[in-house]
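Visitor:
Protein chains: 2
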Amino acid sequence: MKSKTQRLIAIRQIITEKKISSQDELLTLLTEQGFQITQATLSRDLKYLKVAKVPDNATGYRYEVPESGNKHPEVEYTMEGFPMNRIDSIEFSGQLAVMKTKPGFANSIASVIDSYGIFEVLGTIAGDDTILLINRDGVSKTDVANALDLILPGLKTKIL
Amino acid sequence: MKSKTQRLIAIRQIITEKKISSQDELLTLLTEQGFQITQATLSRDLKYLKVAKVPDNATGYRYEVPESGNKHPEVEYTMEGFPMNRIDSIEFSGQLAVMKTKPGFANSIASVIDSYGIFEVLGTIAGDDTILLINRDGVSKTDVANALDLILPGLKTKIL
DNA sequence: CATGAATGTGTATAAATATACATTTGCGGT
DNA sequence: ACCGCAAATGTATATTTATACACATTCATG
Chain A
135 MKSKTQRLIA
145 IRQIITEKKI
155 SSQDELLTLL
165 TEQGFQITQA
175 TLSRDLKYLK
185 VAKVPDNATG
195 YRYEVPESGN
205 KHPEVEYTME
215 GFPMNRIDSI
225 EFSGQLAVMK
235 TKPGFANSIA
245 SVIDSYGIFE
255 VLGTIAGDDT
265 ILLINRDGVS
275 KTDVANALDL
285 ILPGLKTKIL
Chain B
135 MKSKTQRLIA
145 IRQIITEKKI
155 SSQDELLTLL
165 TEQGFQITQA
175 TLSRDLKYLK
185 VAKVPDNATG
195 YRYEVPESGN
205 KHPEVEYTME
215 GFPMNRIDSI
225 EFSGQLAVMK
235 TKPGFANSIA
245 SVIDSYGIFE
255 VLGTIAGDDT
265 ILLINRDGVS
275 KTDVANALDL
285 ILPGLKTKIL
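This is the structure:
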């Protein structure tokens, strides 16, 4: 019989190559490759490999091997006081918010906000010193303020 | 009763703050906060929010909100299929719509839209990867979606 | 060699999660 | 205002996934 290690390698390979939507599906493929195991063992293997089950538009769900890359490279946003000390104010009106920044900084700050993909904020448009934030229908100013404050601590003190 | 949007926000918040190891556990917390739902709805919510179930050394399993990183996965250099394959999504809020594009393409795509002088769309403002569409007072989301789909076939599949 | 600890696995089942179906709700169109 | 349709949700259940328990295997050690 093939070894456990071989099996783990095979599992990883299959999962990275194809969209697998259930353990049974994966089990079938492994069986075709000559591995003789049960769903129970497979469940343990997936746990061991830290394989996540994640919703997928196409297939409903799919299994995914853990991330290896860095998400938010710290160096980019750790400039002393940046970007908070470049933000002058933020104000709300309807489902919109207007953030005022120091000249030239609107785009970079908007990128930072965008990079977090905040659920409450549909999108941003930046000029030179002003950012327009379009908020999700039905969310309150405080919802948005709280969400933004999470990534820009202290922002709440700049609400007009 | 509290709105669905509020609930989704609450779910994200709880999940980011605490390690939740089952839907029932999360359901209890939501109930304490005054949300009255069943496990079925919660399962749907988690799928909608793309929350993954991932193995965790401490708790066995935990739920995790999606990476905000992989927003623009493939960057191609051919104009094949332009501009549709440069459009990531479109979402509505009030009389506004926010279209997300691949970096650098917002302006050119906005020009395309502008050039058609669509009745339902008063105007557009484009940043680097985001287009804001201001829609005519009184027209519905579907009106706008239909109009845009005429000049950008398939767009409707990208509505979030 | 005997022994026991650690690991691996299957079986059976518990637990967790997803979904088909029915019902309700809310909104856009006429 | 009314109608029709799509979205949202609960109920009940199917499907999927995790695990308790028992047994087997390996390996280090007295």
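Going line by line, the protein sequences match chains A and B.
Mapped onto the working numbering, the consecutive letters of the first sequence carry residue numbers 135 to 294.
Mapped onto the working numbering, the consecutive letters of the second sequence carry residue numbers 135 to 294.
Just so it is clear, CB atoms sit at the ideal spot from N, CA and C, and this is done for glycine as well.
No experiment lies behind these values; they were computed from the predicted model shown.
I148 (chain B) CB to nearest chain A CB: under 9 Å?
Guide: Walking along the second sequence from the start, residue 148 (chain B) turns up at place 14. No, no contact with chain A.
Visitor: On the CB-based measure, 16 or more other CB atoms within 10 Å of its CB, does H269 (chain A) come out buried or exposed?
Guide: For the purposes of this step, residue 269 (chain A) is taken as the residue at position 135 of the first sequence. First, the amino acid is wrong: residue 269 (chain A) is Asn here, not His. Looking at its Cβ environment, which holds 16 or more other Cβ atoms inside 10 Å, N269 (chain A) is buried.
Visitor: What did DSSP end up calling N280 (chain A) once you bin it into helix, strand or coil?
Guide: As a working mapping, residue 280 (chain A) is identified with position 146 in the first sequence. In this structure, N280 (chain A) counts as helix in the three-state DSSP scheme.
Visitor: Using only CA atoms, which one of A:L183, A:E254, A:T193 and A:A260 lies nearest to P189 (chain B)?
Guide: Sequence index remark: in the second sequence, residue 189 (chain B) carries index 55 (1-based). P189 (chain B) has its Cα closest to that of A:L183, out of A:L183, A:E254, A:T193 and A:A260.
Visitor: For Y182 (chain A), name the three-state secondary structure that DSSP assigns.
Guide: One-based indexing of the first sequence puts residue 182 (chain A) at position 48. Y182 (chain A): helix per DSSP, three-state reduction.
Visitor: With DSSP collapsed to three states, give me the class of A231 (chain A).
Guide: Here residue 231 (chain A) is taken as the residue at index 97 of the first sequence, counted from 1. In this structure, A231 (chain A) counts as strand in the three-state DSSP scheme.
Visitor: In chain A, which residues lie less than 7 Å from S227 (chain B) when you measure between Cβ atoms?
Guide: Indexing the second sequence from 1 puts residue 227 (chain B) at position 93. Those within 7 Å of S227 (chain B) in chain A are Q229, L256, I268, N269, R270 and D271.
Visitor: Out of curiosity, what's the CA-to-CA distance linking G194 (chain B) and S227 (chain A)?
Guide: Here the question's residue 194 (chain B) lines up with position 60 in the second sequence. Here the question's residue 227 (chain A) lines up with position 93 in the first sequence. Whole-angstrom Cα-Cα distance: 44 Å.
Visitor: Check the Cβ-Cβ distances between P287 (chain A) and every residue of chain B, and say whether any is below 9 Å.
Guide: If you number the first sequence from 1, residue 287 (chain A) lands on position 153. Output row for P287 (chain A): interface = no.
Visitor: Go through its chain and collect everything with a Cβ distance to L161 (chain A)'s Cβ below 7 Å, but skip five positions before and after it.
Guide: Position 27 of the first sequence, counted from the start, is the residue given in the question as residue 161 (chain A). For L161 (chain A), where only same-chain residues beyond five positions count, the Cβ hits under 7 Å are Q173 and L176.
Visitor: Report whether the distance from the Cβ of T264 (chain A) to the nearest heavy atom of the ligand FMN is below 8 Å.
Guide: The model on display carries no ligand, and the ligand FMN is accordingly not part of it.
Visitor: How long is the line joining the alpha carbons of K234 (chain B) and E225 (chain B), rounded to whole angstroms?
Guide: Along the second sequence, one-based indexing puts residue 234 (chain B) at 100. Along the second sequence, one-based indexing puts residue 225 (chain B) at 91. About 9 Å.
Visitor: Name the DSSP bridge partner or partners of R195 (chain A)?
Guide: Counting from one through the first sequence, the residue named residue 195 (chain A) turns up at place 61. Going by the sequence as given, residue 195 (chain A) is Tyr instead of Arg. Its beta-bridge partners are A:P189.
Visitor: At the 9 Å Cβ level, is D248 (chain B) part of the contact set with chain A, yes or no?
Guide: Taking the first residue of the second sequence as position 1, residue 248 (chain B) is located at position 114. No, because no Cβ of chain A sits closer than 9 Å to the Cβ of D248 (chain B).
Visitor: Between K153 (chain B) and chain A, is the shortest Cβ-Cβ distance under 9 Å, so that the two count as touching?
Guide: Here residue 153 (chain B) is taken as the residue at index 19 of the second sequence, counted from 1. Not closer than 9 Å to any Cβ of chain A, the Cβ of K153 (chain B) fails to qualify, so no.
Visitor: Taking just the CA atoms, how far does F239 (chain B) sit from P200 (chain B)?
Guide: Within the second sequence, numbered from 1, the residue matching residue 200 (chain B) stands at position 66. Within the second sequence, numbered from 1, the residue matching residue 239 (chain B) stands at position 105. So the alpha carbons of these two residues sit roughly 25 Å apart.
Visitor: For V188 (chain A), would you say it is in contact with chain B, using Cβ-to-Cβ distances shorter than 9 Å as the test?
Guide: The residue given as residue 188 (chain A) occupies position 54 in the first sequence. Yes, because at least one Cβ of chain B sits closer than 9 Å to the Cβ of V188 (chain A).
Visitor: To which residues of the same chain is I148 (chain A) closer than 7 Å at the C-beta, ignoring the five residues directly before and after it?
Guide: Within the first sequence, the letter at position 14 stands for residue 148 (chain A). So the list reads I154, L160 and L163, once near-sequence residues are dropped.
Visitor: For the alpha helix (DSSP H) that contains T258 (chain A), what are its first and last residues?
Guide: As a position in the first sequence, residue 258 (chain A) is number 124, starting the count at 1. Careful: T258 (chain A) lies outside any alpha helix (DSSP H), inside the beta strand (DSSP E) at V255 to A260.
Visitor: Given that V232 (chain B) touches chain A, what residues does it touch there, using C-beta distances under 7 Å?
Guide: Along the second sequence, read from residue 1 onward, the residue named residue 232 (chain B) stands at position 98. By Cβ distance, chain A contributes L256, G257 and I268.
Visitor: Please name the residue in A:P237, A:V232 and A:L267 whose C-alpha comes closest to that of D248 (chain A).
Guide: Against the first sequence, residue 248 (chain A) aligns to sequence position 114. Closest by alpha carbon: A:L267.
Visitor: Just how far apart, CA to CA, sit D277 (chain A) and V232 (chain A)?
Guide: The count along the first sequence starts at 1 and reaches residue 277 (chain A) at position 143. The count along the first sequence starts at 1 and reaches residue 232 (chain A) at position 98. About 15 Å.
Visitor: Within 9 Å of any Cβ in chain A, is that where the Cβ of L142 (chain B) sits?
Guide: For the purposes of this step, residue 142 (chain B) is taken as residue 8 along the second sequence, with counting starting at 1. L142 (chain B) counts as touching chain A.
Visitor: Check whether the Cβ atoms of I221 (chain A) and K292 (chain A) lie closer than 9 Å to each other.
Guide: Residue numbering aside, residue 221 (chain A) sits at position 87 when the first sequence is read from its first letter. Residue numbering aside, residue 292 (chain A) sits at position 158 when the first sequence is read from its first letter. Yes, the pair counts as a contact, with Cβ atoms nearer than the cut-off.
Visitor: Identify every residue that forms a DSSP beta bridge with T175 (chain A).
Guide: Within the first sequence, residue 175 (chain A) is the residue found at index 41, counting from 1. Answer is none; T175 (chain A) lacks a bridge partner.
Visitor: Between which two residues does the beta strand (DSSP E) carrying T264 (chain B) extend?
Guide: Here residue 264 (chain B) corresponds to residue number 130 of the second sequence, with the count starting at 1. Segment T264 to N269, the beta strand (DSSP E) holding T264 (chain B).
Visitor: Check this for me: beta carbons of S258 (chain A) and T264 (chain B), under 9 Å apart or not?
Guide: Numbered from 1 along the first sequence, position 124 holds the residue referred to as residue 258 (chain A). Numbered from 1 along the second sequence, position 130 holds the residue referred to as residue 264 (chain B). It should be pointed out that residue 258 (chain A) corresponds to Thr in this sequence rather than to Ser. Yes, Cβ-Cβ distance for T258 (chain A) and T264 (chain B) is below 9 Å.
Visitor: Mapping the DSSP letters down to three states, classify S223 (chain B) as helix, strand or coil.
Guide: Taking the first residue of the second sequence as 1, we reach residue 223 (chain B) at position 89. Reduced to three states, the DSSP call for S223 (chain B) is strand.
Visitor: Flag T212 (chain A) as yes if its beta-carbon sits less than 9 Å from any beta-carbon of chain B, otherwise no.
Guide: Position 78 of the first sequence, counted from the first residue, corresponds to residue 212 (chain A). Because T212 (chain A) carries a pLDDT of 41, less than 50, the predicted location of this residue cannot be relied on, and the following value inherits that uncertainty. No, its Cβ sits nowhere closer than 9 Å to a Cβ of chain B.
Visitor: On the DSSP bridge list, what partners appear for I293 (chain A)?
Guide: Working through the first sequence from its first residue, we reach residue 293 (chain A) at position 159. Paired residue(s): A:I224.
Visitor: If you reduce the DSSP assignment to three classes, tell me which class Y147 (chain A) lands in.
Guide: As a working note, residue 147 (chain A) is residue 13 in the first sequence. The question names Tyr, yet the displayed sequence has Gln at residue 147 (chain A). Correct three-state label for Q147 (chain A): helix.
Visitor: What's the C-alpha gap between I252 (chain A) and I171 (chain A)?
Guide: As a first step, residue 252 (chain A) is located in the first sequence; it is residue number 118 there, counting from the start. As a first step, residue 171 (chain A) is located in the first sequence; it is residue number 37 there, counting from the start. Approximately 42 Å, taken between the alpha carbons.
Visitor: For a contact meaning CB atoms closer than 7 Å, what does T235 (chain B) contact in chain A?
Guide: What you label residue 235 (chain B) is simply residue 101 of the second sequence in a count that begins at 1. Going along chain A, no residue has its Cβ under 7 Å from T235 (chain B), so there is no contact; the nearest lies around 10 Å.
Visitor: Between the Cα of Q140 (chain B) and the Cα atoms of B:G272, B:F169 and B:L230, which residue gives the shortest distance?
Guide: As a working note, residue 140 (chain B) is residue 6 in the second sequence. Among B:G272, B:F169 and B:L230, the Cα nearest to that of Q140 (chain B) is on B:F169.
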